[in-house]
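Read through the structure below, which is laid out as structure tokens, and then see the notes.
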Amino acid sequence: MASADETEGAMTPVDFIQLQHYMEESSLRVRDVIKEFHPGGRYAKHTSGECLDVEGFCLFLKTYLEVEDFPTDFCGKLFRYFQQAEKDGSPKSTMPKGGGVFLRDVSCYFSVLEEGQPREKLEFTFNLYDKDGNGLLDSSEVDRIIAQMMRAADYLGWDVTELRPVLKDMMTAIDVDDSGTVTLEEWVKGGMNNVPLLVLLGLRMTEKDGQHIWRLKHFNKPTYCGVCENMLLGLGKQGLYCNCCAYTVHNQCANKNPDRCAWTFVKNKQEIGKAFHDWIKADCNSSKCQVCFKKIKTLAGRRCVWCQETRHDDCVTTGVPKCDCGPLKNHILPPWTVYPISKEENTNLLNVPPDGHILQISPDLDIQPLLVFVNPKSGGKQGERVLRKFQGLLNPRQVYNLTNGGPTRGLHFFRNLRQFRILVCGGDGTVGWLLDAIDKASISVRPPVAVLPLGTGNDLARCLRWGGGYEGSDLREILKEIEGSEVIPLDRWSITVTPKNPKDAGDPVPNEIMNNYFSIGVDASIAHRFHSMREKHPQKFNSRMKNKLMYFEFATSESISASCKKLKDCLTITCCGKPINLDNMSLEGIAVLNIPSMHGGSNLWGECKKADGASEAAHTHSEVITDRELLKTVTQDISDKRLEVVGLEGALEMGQIYTGLKSAGHRLSQTSEITISTTKALPMQIDGEPWMQPPCEIRITHKNQANMLIAAPTKSSGFFHHK
Numbered sequence: 012m013a014s015a016d017e018t019e020g021a022m023t024p025v026d027f028i029q030l031q032h033y034m035e036e037s038s039l040r041v042r043d044v045i046k047e048f049h050p051g052g053r054y055a056k057h058t059s060g061e062c063l064d065v066e067g068f069c070l071f072l073k074t075y076l077e078v079e080d081f082p083t084d085f086c087g088k089l090f091r092y093f094q095q096a097e098k099d100g101s102p103k104s105t106m107p108k109g110g111g112v113f114l115r116d117v118s119c120y121f122s123v124l125e126e127g128q129p130r131e132k133l134e135f136t137f138n139l140y141d142k143d144g145n146g147l148l149d150s151s152e153v154d155r156i157i158a159q160m161m162r163a164a165d166y167l168g169w170d171v172t173e174l175r176p177v178l179k180d181m182m183t184a185i186d187v188d189d190s191g192t193v194t195l196e197e198w199v200k201g202g203m204n205n206v207p208l209l210v211l212l213g214l215r216m217t218e219k220d221g222q223h224i225w226r227l228k229h230f231n232k233p234t235y236c237g238v239c240e241n242m243l244l245g246l247g248k249q250g251l252y253c254n255c256c257a258y259t260v261h262n263q264c265a266n267k268n269p270d271r272c273a274w275t276f277v278k279n280k281q282e283i284g285k286a287f288h289d290w291i292k293a294d295c296n297s298s299k300c301q302v303c304f305k306k307i308k309t310l311a312g313r314r315c316v317w318c319q320e321t322r323h324d325d326c327v328t329t330g331v332p333k334c335d336c337g338p339l340k341n342h343i344l345p346p347w348t349v350y351p352i353s354k355e356e357n358t359n360l361l362n363v364p365p366d367g368h369i370l371q372i373s374p375d376l377d378i379q380p381l382l383v384f385v386n387p388k389s390g391g392k393q394g395e396r397v398l399r400k401f402q403g404l405l406n407p408r409q410v411y412n413l414t415n416g417g418p419t420r421g422l423h424f425f426r427n428l429r430q431f432r433i434l435v436c437g438g439d440g441t442v443g444w445l446l447d448a449i450d451k452a453s454i455s456v457r458p459p460v461a462v463l464p465l466g467t468g469n470d471l472a473r474c475l476r477w478g479g480g481y482e483g484s485d486l487r488e489i490l491k492e493i494e495g496s497e498v499i500p501l502d503r504w505s506i507t508v509t510p511k512n513p514k515d516a517g518d519p520v521p522n523e524i525m526n527n528y529f530s531i532g533v534d535a536s537i538a539h540r541f542h543s544m545r546e547k548h549p550q551k552f553n554s555r556m557k558n559k560l561m562y563f564e565f566a567t568s569e570s571i572s573a574s575c576k577k578l579k580d581c582l583t584i585t586c587c588g589k590p591i592n593l594d595n596m597s598l599e600g601i602a603v604l605n606i607p608s609m610h611g612g613s614n615l616w617g618e619c620k621k622a623d624g625a626s627e628a629a630h631t632h633s634e635v636i637t638d639r640e641l642l643k644t645v646t647q648d649i650s651d652k653r654l655e656v657v658g659l660e661g662a663l664e665m666g667q668i669y670t671g672l673k674s675a676g677h678r679l680s681q682t683s684e685i686t687i688s689t690t691k692a693l694p695m696q697i698d699g700e701p702w703m704q705p706p707c708e709i710r711i712t713h714k715n716q717a718n719m720l721i722a723a724p725t726k727s728s729g730f731f732h733h734k
């Protein structure tokens, strides 16, 4: 049974998950925060020599994590954790005085966990422990750095018993003359050649073609190392796994010259169009060889990265037909279609990846690859997992992380192709970001866009039958869905907001383009309060369930306070020059709809009565419809260059529509243009992005149409849940 002291200094997995959520919301770096604790800094009084007291430690966390009301009990628990780590890993002579913790140890620990380039992290930790600035670390200082890295590794789920010998080997290699000291150059060179350490420090990309894209992975079935061919052992059964080619090694074997990764492009123009297999040593799991049809023993075969065929080592060169990219041939960007060009051939350096190659896709070959954009921050950790999986299913050169420079590089890379499709993985905001980028890009065709919904609302994805949220299904099935999808135009609208008094200081308008909806009043008020609270207290919004409960709480309080009652007294609506009569209506909200989904699945317009032929023809040729009886038969269409205007009585009515207790809001108009004039400050939102707007005039006009992919109707047992 654990003693009281051990329990005090222990951190549970839940504690670390909570800490990670805080870190994900912070924009600061450790290197910026520690300056405040050095002589002359704001919090220098909380450091005694090199030690932080408990108050200083809490100030460090509040400053670094950008959280004013960081929980006191959690702060105390973290402080005791660092204290206990000092007791366990340091001789008594080097223990912090007065029961504090070392600032440099805390700083090193968090710098390992935060995002950044491995070289920067190595240089930062070196300078942190080089107290006298002489450019040398002695063995005890290097050991302290390794101790902090081990603690960070333990937090991330590494088996540190495997990592310890790797780091010790690194130290032996660095200090070749046994001098007991290490220079900055030796430290960085040793670290940058140590694969497991680079993965721990956050290695993001390959340095050159043929290098693996490593990540740490835990395996729940027998798995073998591709270098030593022994099974991965230990409680966690962990190893380093390549996202691209699925090659797996022990941590300690990663530096022992493993086989190369797949080639992602050809080296010169002469190789363009010459399809080839790329055989990677693999555990073929007793599958049959496609040449001799005999079973392949463990690690006695090879697998083609592109077509997924498996063969014995001896059968690889026997009767090998050209690679056809296998089941995913309609999506993969084959490496033999991509080739390097010189700077003189392409002065626009948008598509220069970290390895320095300027690449181009041959426009002459008959291919229709899928360009994939992933927002790894959407849907919690879902986005990161989707990014990794697509790197393995497709050519990594066609899969883009949107946090690394946005969609521009990917669109530029594909710009000369006659036809290609796009898959955007993220929420509605991510889809809007991509559609804006397509507008601005100089591409010969406007590619159709499919959506893998990873956000919270996903209203556009619902309308296009991609579902309300990705549930973790096999991505190959989703790629099949894309093959069976159809192109449909989506109306996009320009929004111009003109303040009546230019001196009024309101919030900035979040967007100038609307894809889904625009609203004023009750729903925007709830969204604005939710958005403001999430920015102030991000730790309270770290799960979908918490977000829904918090949203429900704001909706409940809004229904009681009715902050937007008598809305008709402070605004007027004109559709194509025709005023909308709001008399005898008690409204708290106005919604302007482009798609039949809002608030994560609510259809505010509702279903329609069947119209006769005459009235249907009247709908088609009329710019604006305001007749209440006629509006009952009007259907929504995301391609008809029209908007639907709906009135809402309050938060309660919104809830009734969402749950199906009420069929729709109050239909006010269908129009091709709308102007709204307000006389007081009101909450507004565009596609879920809220802000508070002083008196103004809002004009919404048709901008253009985007090509979208709509999935075939799915059965109830499909891969997505719509609500």
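Under the numbering used here, residues 12 to 734 are what the sequence shown spells out, in order. Glycine residues also receive a C-beta, built at the ideal position from the N, C-alpha and C atoms.
Task: Same chain, Cβ closer than 6 Å to E708, five either side skipped, listed in chain order - done: T509, S688
TODO: Would you mind sorting L446 into buried or exposed? The rule is 16 or more other CB atoms within 10 Å of its CB.
DONE: buried
- [ ] Using a threshold of 8 Å, state whether the C-beta atoms of A461 and I499 are closer than that.
- [x] no
Open item on the list: Less than 7 Å separating the Cβ of Y33 from some heavy atom of the ligand SAH?
Closed with: You won't find the ligand SAH in this model; it holds no ligand whatsoever.
TODO: Report the three-state DSSP secondary structure of S613 (helix, strand or coil).
DONE: strand
Open item on the list: By the DSSP assignment, the beta strand (DSSP E) with P694 in it spans what residues?
Closed with: 693-697
- [ ] Taking Y350 as part of the beta strand (DSSP E), name the residues at either end of that continuous run.
- [x] 349-351 is the extent of the beta strand (DSSP E) around Y350.
Task: Inter-residue Cα distance where the pair is P102 and F48 - done: Note on P102: pLDDT 47, under 50, position unreliable in the model; the coordinate value appears next. In this structure, the straight-line span from the alpha carbon of P102 to that of F48 is close to 25 Å.
- [ ] Look up R432 in the DSSP assignment and give the residues it is bridged to.
- [x] Answer by DSSP bridge pairing, in chain order: L381.
TODO: Within 10 angstroms of the Cβ of D43, are there 16 or more other Cβ atoms? Answer buried if so, exposed if not.
DONE: exposed
- [ ] Specify the secondary structure class of D502 as computed by DSSP and reduced to three states.
- [x] strand
Task: Reduced DSSP category for P6 - H, G, I as helix; E, B as strand; rest coil - done: No answer is possible for residue 6: the residues shown for the chain start at 12 and end at 734.
TODO: Check whether the stretch 591-602 touches the stretch 524-539, counting contact only when three or more Cβ pairs, one atom from each stretch, lie closer than 8 Å.
DONE: Under the three-pair Cβ rule at 8 Å, the stretch 591-602 counts as touching the stretch 524-539.
Task: DSSP beta-bridge partners of F529 - done: V603, I697
Open item on the list: Just to confirm before moving on: does the CB-CB distance between T467 and G676 stay below 8 Å?
Closed with: no
TODO: Starting from C318, follow its DSSP beta bridges and name the residues at the other end.
DONE: BP columns for C318 are empty, so no partner.
Open item on the list: Give me, in chain order, the residues of the same chain whose beta-carbon lies closer than 8 Å to that of E282; leave out the 5 immediate sequence neighbours on both sides.
Closed with: W347, Y350
Open item on the list: Below 8 Å on the Cβ atoms is my contact criterion, and I expect K714 with R487 to pass it. Report the Cβ-Cβ distance as a whole number of Å.
Closed with: Incorrect: roughly 36 Å between the Cβ atoms, too far for contact.
Task: L642 (DSSP reduced to helix, strand or coil) - done: helix
Open item on the list: Taking 8 Å as the threshold (C-beta atoms), are G237 and P207 in contact?
Closed with: no
Task: Cβ contact (3+ pairs, closer than 8 Å) linking the stretch 312-323 and the stretch 374-381 - done: no
TODO: Could you name the residues that DSSP lists as bridge partners for T509?
DONE: E708
Task: Three-state class that DSSP yields for A293 in the structure shown - done: strand
Task: Euclidean distance between Cα positions of M11 and G480 - done: Here the chain comprises residues numbered 12 to 734, so residue 11 is not present and cannot be evaluated.
- [ ] Starting from W702, follow its DSSP beta bridges and name the residues at the other end.
- [x] M695
Task: Cβ-based neighbour list, F81, same chain, cut-off 6 Å, excluding 5 preceding and 5 following - done: L72, K73
Task: L641 versus L76 - alpha carbon distance - done: 56 Å
TODO: Apply the 10 Å Cβ neighbour rule to D289 and answer buried if 16 or more other Cβ atoms are within range, or exposed otherwise.
DONE: With 16 or more Cβ atoms within 10 Å of its Cβ, D289 is classed as buried.
Open item on the list: DSSP three-state label for Y33, please.
Closed with: Helix.
Open item on the list: Does the structure place the stretch 131-146 close enough to the stretch 175-189 that three or more beta carbon pairs sit under 8 Å?
Closed with: no
Task: Local Cβ density within 10 Å of S453, reported as buried at 16 or more and exposed below that - done: exposed
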